[in-house]
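J.: First, the structure itself, so that you have it in front of you.
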Amino acid sequence: MIEAKDLHFTYPTGLEALRGINLTVDDGEFLAVMGQNGAGKTTLVKHFNGLLKPTKGEVLVNGVNTRDVSVAKLARNVGFVFQNPDHQLFSETVEDEVAFALKNFGFEEVVIEKQVDWALNLLDITQYRKTSPFMLSGGERKRVALASILAWDPQVIILDEPTIGQDYQQKEKLQQFILQLNAQKKTVVIVTHDVEFVAECNPRVILMSQGKILAEGIAEKILTNQKLVAQASIVSPQITQIFLELADLGLPTDVIDVHEATKILLARLRDRR
Amino acid sequence: MSVFEGFRFRKVSSAIHNLDPRVKFFYVCILFVMAILFTKLLALVVLFFVPLPFVFMARVKRQWLRSLRGAAFLAVFIFATNFIFGYFYPTAFQEITPPIDTLVEYLVLLERAAAMTLRFVVLIASFSVFFLTTSPDHLGLALQQSHVPYEFCFAFTTAVRFVPVLADEAQTIMDAQKARGLELERGNLIKRVRNYIPILIPLIVNAIRRSLELAESMESRAWGASKKRTNLYSLKLKRADYLLVVVSVLMLIIAVYVWLYVPIPSLTALLSL
């Protein structure tokens, strides 16, 4: 469990990025942190594995204050996939890249081999195991970065803007993959601007603005509240916007899911006949 | 990364910021020459205080101190190197006759190492104040008006402009690798140096990638299409600029006079009096 209590953070430049965040992320929960650029989303999640330490307040990971332990120790339980895979890839082969963290954590050679195989297979990149990560496409590099985090099987997985630079098919796969992780009782935290992606996954949403939590709740409630989404400089999913435009016809305005929308529209069409 | 912070330009309205960059560069070059002229600790201590009025007038004290703090590691390295080499090759000093065994000889050695370190600190201090108070645009303009070919001006200003960008990127890369269990300060000296490989490779690869992208984007915006470029702004020397030129020349004259005719005592000699 991750708890942030009255969390404040000010960068050395004087920028006050977080201003009194109170938040609990339960074990096995799927959470999406949303908000405009500069709202403090990435700054917040960087506190969850101790990369940033609070200026005021505290962050507890499984009851341990992040101030008291190193990033390496926290990282054993909290995996963090950065937005840009090019910020971490450096090894000669994909295989070495995925094994990097396992070596840092001191796993035995046999375990490393097994975990690397498992992670490569999971992300469908086994065919690239002897290839240089620099030779891969953007989407493939992102998968290598993800595999290199999943390889040590952390309990919490944080993904910073996972859908950026991914084509539609990859995004679909990523969605399935994240839901699968969550189904395996992993805690998943994603930082994203992608309302369509969140609408499809339907996690608990934290909406941030200017270093504070503006609102929190189920995606359906947050993403259909026009006042809130305007305050956070995001827009509702397209399907919600269509239903809002057609509200005069008596259509509900709290729909975010395409499948649910289809069901409602089909029912209406049947009634008309 | 704080050493780079100390070179990042910040827009502040001050008499120093408004000075002509050519004159400021001239002043910094004079400081550079003076720092190279003297090898005695006493002279270099005096030189250290020369850029201080500049720092206070420009209101960049915090950033300037940060650049000094950032240079501390290299300063310690310079001190250690000078002391060790001075110990094994004492013939480089006129004051010492090998072997080094008396306290006074050790003190001379220490003073010499401290002087060389302070020389480095003076250079960092003066160049830091120049870059803190001169925008890359003004720098480019100054070079162009000094008849340096535009290609070189552009390359130079781009390099200066990208220093803070690279510093930010290096920080992100460090965070990404720490999140995979890398502990930079772990192990012996060789291991610690090796720990930086996962930082340096992505940094270099990204820098090359970025430079190629920049070249393409510049070319697609007709860079170099016209041989004769015009500028919206042009630099003109004002009264304050002429005053700084006079002050700089006077400083140099005094420094050369002192160097030629005034024997500067060493601290060790002064103390023994």
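Residue numbers (our numbering), protein chains in the order written: chain U, 975 to 1247; chain D, 26 to 298.
The C-beta atom is built at its ideal place from N, Cα and C for all residues, glycine as well.
From a predicted model like this one, the values you see are computed outputs, not experimental measurements.
By how many angstroms is the C-alpha of residue 1075/U removed from the C-alpha of residue 212/D?
T.: Using only the alpha carbons, I get a separation of about 16 Å.
J.: Using a Cβ-Cβ distance under 7 Å, would residue 254/D count as near chain U?
T.: It does not; no Cβ of chain U falls within 7 Å.
J.: Three-state secondary structure (DSSP) at residue 1182/U?
T.: Residue 1182/U: strand per DSSP, three-state reduction.
J.: Return the residues of the stretch 1078-1111 of chain U that lie within a Cβ-Cβ distance of less than 7 Å from chain D, sorted by chain order.
T.: Here the close residues are 1078, 1079, 1108.
J.: Please check if any C-beta of chain U sits within less than 7 Å of the C-beta of residue 220/D.
T.: Taking Cβ atoms only, chain U never reaches closer than 7 Å to residue 220/D, which makes this a no.
J.: From what residue to what residue does the alpha helix (DSSP H) around residue 1141/U run?
T.: Where residue 1141/U is concerned, there is no enclosing alpha helix (DSSP H), given that its DSSP letter is neither H nor E.
J.: Just verifying my parser: in three-state terms, what is the DSSP assignment at residue 982/U?
T.: Three-state DSSP puts residue 982/U in a strand.
J.: Can you list the residues of chain U that residue 205/D reaches, using a CB-CB cut of under 8 Å?
T.: Per Cβ cutoff of 8 Å: 1049, 1062, 1074, 1075, 1078, 1122, 1123.
J.: Would you kindly check if the distance between the Cβ of residue 163/D and the Cβ of residue 46/D is under 7 Å?
T.: Yes. Within cutoff.
J.: Using CA atoms only, rank isn't needed, just tell me which of 140/D, 154/D, 74/D, 283/D is closest to residue 42/D.
T.: If we check each option's Cα against that of residue 42/D, 154/D comes out closest.
J.: Please tell me whether residue 1004/U and residue 976/U are closer than 7 Å, where the distance is taken between their beta carbons.
T.: Going by C-beta atoms, residue 1004/U is not nearer than 7 Å to residue 976/U.
J.: Skipping 5 residues on each side, what residues in its chain have a beta carbon closer than 8 Å to that of residue 1100/U?
T.: Same-chain partners within the cutoff: 1091, 1094.
J.: What does residue 1045/U touch in chain D if you count any residue whose Cβ is under 7 Å from its own?
T.: Here the neighbours are 203, 204.
J.: In three-state DSSP terms, what is residue 1074/U?
T.: Three-state DSSP puts residue 1074/U in a helix.
J.: List the endpoints of the continuous alpha helix (DSSP H) containing residue 1091/U.
T.: Where residue 1091/U is concerned, the enclosing alpha helix (DSSP H) stretches over 1083-1096.
J.: Find the residues of chain D that neighbour residue 1054/U, judging by a C-beta separation of less than 7 Å, and give them in chain order.
T.: The answer, in chain order, is 204.
J.: Would residue 1206/U be called buried (16 or more neighbouring beta carbons within 10 Å of its own) or exposed?
T.: By the 10 Å Cβ count, residue 1206/U comes out buried.
J.: Counting beta carbon pairs with one atom in the stretch 1034-1048 of chain U and one in the stretch 1199-1219 of chain U, are three or more of them shorter than 8 Å?
T.: No: the two stretches stay apart, fewer than three of their Cβ pairs being nearer than 8 Å.
J.: Expressed to the nearest angstrom, what Euclidean distance is found between the alpha-carbon atoms of residue 1226/U and residue 1195/U?
T.: Taking the straight line joining both Cα atoms gives about 13 Å.
J.: Residue 1029/U and residue 982/U - do their beta-carbons sit closer together than 7 Å?
T.: Contact flag set, yes.
J.: Taking beta-carbon pairs under 8 Å, can you tell me which members of the stretch 227-258 of chain D lie near chain U?
T.: Going along the stretch 227-258 of chain D in chain order, one finds 227, 230, 231, 234 with a Cβ nearer than 8 Å to chain U.
J.: If we ignore side chains and look at the alpha-carbon of each, how far apart do residue 133/D and residue 63/D end up?
T.: Looking at the two C-alpha atoms, the distance is approximately 16 Å.
J.: Residues of chain U with CB under 9 Å from residue 215/D, in chain order?
T.: Chain U residues near residue 215/D: none, gap ~17 Å exceeds 9 Å.
J.: Any idea what DSSP makes of residue 1025/U, helix, strand or coil?
T.: Of the three classes helix, strand and coil, the one that applies to residue 1025/U here is coil, per DSSP.
J.: Going by C-alpha to C-alpha distance, which of 991/U, 1181/U, 1012/U, 1123/U sits closest to residue 1051/U?
T.: The residue with the shortest Cα to Cα distance from residue 1051/U is 1123/U.
J.: Per the DSSP calculation, residue 72/D is bridged to which residue(s)?
T.: Per DSSP, none; premise fails for residue 72/D.
J.: Write down every uninterrupted run of the alpha helix (DSSP H) in the stretch 30-118 of chain D whose length is 4 residues or greater and which is fully enclosed by it, in chain order.
T.: Listed in chain order, they are 46-62, 66-74, 77-83, 86-95, 97-113.
J.: Does residue 1209/U come out as helix, strand or coil in the three-state DSSP assignment?
T.: In the structure shown, residue 1209/U sits in coil (DSSP, three-state: anything other than H, G, I, E or B).
J.: Out of 1036/U, 1176/U, 1143/U, state which residue places its alpha-carbon closest to the alpha-carbon of residue 1228/U.
T.: Minimum Cα distance to residue 1228/U is reached at 1176/U.
J.: Where does residue 203/D fall in DSSP's three states?
T.: Correct three-state label for residue 203/D: helix.
J.: In whole angstroms, what separates the C-alpha of residue 1054/U from that of residue 263/D?
T.: Going by the C-alpha atoms only, they are around 54 Å apart.
J.: Could you give the DSSP three-state label for residue 1113/U: helix, strand or coil?
T.: The answer is helix: DSSP assigns residue 1113/U an H, G or I state.
J.: Return the Cβ separation of residue 1120/U and residue 1097/U in integer angstroms, given the expectation that the two are a contact with Cβ distance under 8 Å.
T.: Rounded, the Cβ-Cβ distance is 6 Å, consistent with contact.
J.: Please give the ranges of any alpha helix (DSSP H) in the stretch 139-203 of chain D, keeping only runs that are unbroken, at least 4 residues long and fully inside the region.
T.: Complete alpha helix (DSSP H) runs here, min 4: 161-170, 175-203.
J.: Would you mind stating whether residue 304/D and residue 291/D have Cβ atoms separated by less than 7 Å?
T.: Residue coverage of chain D in this structure runs from 26 to 298, which leaves residue 304/D outside it and unanswerable.
J.: Given residue 1015/U, which residues of its chain have a CB within under 6 Å of its CB, disregarding the five upstream and five downstream residues?
T.: Taken in chain order, the residues that qualify are 1007, 1009, 1165, 1182.
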